[in-house]
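> Reading the sequence shown from the start, the letters are residues 0 to 160 in numbering that gives the first Met the number 0. Note that the Cβ used here is the ideal one computed from N, Cα and C, for glycine as well. Everything numeric in this text was worked out from a predicted model, so none of it was measured. Sharing a structure, written as structure tokens. Questions coming.
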Amino acid sequence: MGYLRAVTGGNGLLSRGSGLVMASFVVRREVRVPRGLLLSIIRRIEDYPKYWHGHREVRIIDSSGDLLHVQVRFAFNGPLNHGEAYVRLTDDGVVFNFVKGPFKGLHRVRVSDGELVSEWDIKLHPLIIPIRGWVINHFREGAEHALDRIVKEAEAHLSGA
């Protein structure tokens, strides 16, 4: 599907286009665990709140092959605390295409050559724009912590813990 394009990454740079604020950044973690184990963890979409603590709940509402339609409840109060996304399960991970909520755009989580990667390319809701700097930093830190949690879970699985 065309809307599930590959994310090329970025450095947290903000750009304005059509009055929207875009945010793009990439977080990477070196890994020494089997690729298949990492893929099995990151493809359990409903477990994302265990890793991304900004997600309170991720619920699959429909699926067709490797495409899932999910509802997301975020871990903050207010009118923007829910959203919807289409999730494509790929050979190297997952791609979230957020279509409703506090931001729209792509979040890709993938396993590549000894590393786990989280790539974000999103547009922020206009109500969030005044605090965009804080939000982008918060998202980046959340991605760093999420990747650390995923790697820790994989390592625990290998050690039999």
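Closest to His81 by CA distance: which of Ser23, Val57, Ile44, Asp91 is it?
By 1-based counting over the sequence shown, the position of residue 81 is 82. Nearest C-alpha to His81: Val57.
> Below 6 angstroms, is the gap between the Cβ of Phe73 and the nearest heavy atom of the ligand MN?
The model depicted lacks the ligand MN and carries no ligand whatsoever.
> Which of helix, strand or coil does DSSP assign to Val30?
Walking along the sequence shown from the start, residue 30 turns up at place 31. Val30 falls in the coil class under three-state DSSP.
> Would you call the segment 47-64 and the segment 118-135 in contact, with 3 or more CB pairs under 8 angstroms?
No contact exists between the segment 47-64 and the segment 118-135.
> Taking the alpha-carbon positions, what's the Leu126 to Val86 distance?
Taking the first residue of the sequence shown as 1, we reach residue 126 at position 127. Taking the first residue of the sequence shown as 1, we reach residue 86 at position 87. Computed Cα separation, rounded: 25 angstroms.
> Does DSSP put Leu79 in a helix, a strand or coil?
Here residue 79 corresponds to residue number 80 of the sequence shown, with the count starting at 1. If DSSP states are grouped into helix, strand and coil, Leu79 belongs with coil.
> Nearest-angstrom Cα distance between Gly159 and Arg42?
Here residue 159 is taken as the residue at index 160 of the sequence shown, counted from 1. Here residue 42 is taken as the residue at index 43 of the sequence shown, counted from 1. Going by the C-alpha atoms only, they are around 21 angstroms apart.
> Enumerate in chain order the residues of its own chain whose CB-to-CB distance from Ile121 is below 6 angstroms, with the five nearest sequence positions on each side excluded.
As a first step, residue 121 must be located in the sequence shown, where it is residue number 122. Only Ala22, Phe102, Gly104 meet the Cβ criterion.
> Do you know how far the Cα of Gly53 is from the Cα of Val108?
Looking up residue 108 in the sequence shown gives position 109. Looking up residue 53 in the sequence shown gives position 54. About 16 angstroms.
> Check whether the segment 60-69 and the segment 85-100 are in contact - that is, three or more C-beta pairs closer than 8 angstroms.
Flag = yes, the segment 60-69 and the segment 85-100 touch.
> Could you check whether Glu114 and Lys99 sit closer than 7 angstroms to each other, using their CB atoms as the reference points?
To locate residue 99, count along the sequence shown from 1; it is residue 100. To locate residue 114, count along the sequence shown from 1; it is residue 115. Going by C-beta atoms, Lys99 is not nearer than 7 angstroms to Glu114.
> Tell me whether Glu118 is buried or exposed, calling it buried when 16 or more other Cβ atoms sit within 10 Å of its Cβ.
In the sequence shown, residue 118 corresponds to position 119, counting from 1. The residue is buried, with at least 16 neighbouring Cβ atoms inside 10 Å.
> Under three-state DSSP, which class holds Gly132?
Reading the sequence shown from its first residue, position 133 is the one you call residue 132. Of the three classes helix, strand and coil, the one that applies to Gly132 here is helix, per DSSP.
> Under the three-state reduction of DSSP, which class applies to Ala84: helix, strand or coil?
Start at 1 with the first residue of the sequence shown, and residue 84 comes out as number 85. Strand at Ala84.
> Where does Arg15 land, buried or exposed, given buried means 16+ other C-beta within 10 angstroms?
By one-based count along the sequence shown, residue 15 stands at place 16. In this prediction, Arg15 scores a pLDDT of 47, lower than 50, which makes its location untrustworthy; the coordinate-derived value is nonetheless stated afterwards. Exposed, because fewer than 16 other Cβ atoms sit within 10 Å of the Cβ of Arg15.
> Suppose the cutoff is 7 angstroms on Cβ atoms and the five residues either side in sequence are ignored; what does the same chain contact list for Glu29 look like?
Here the question's residue 29 lines up with position 30 in the sequence shown. Answer for Glu29: Gly113, Glu114, listed in chain order.
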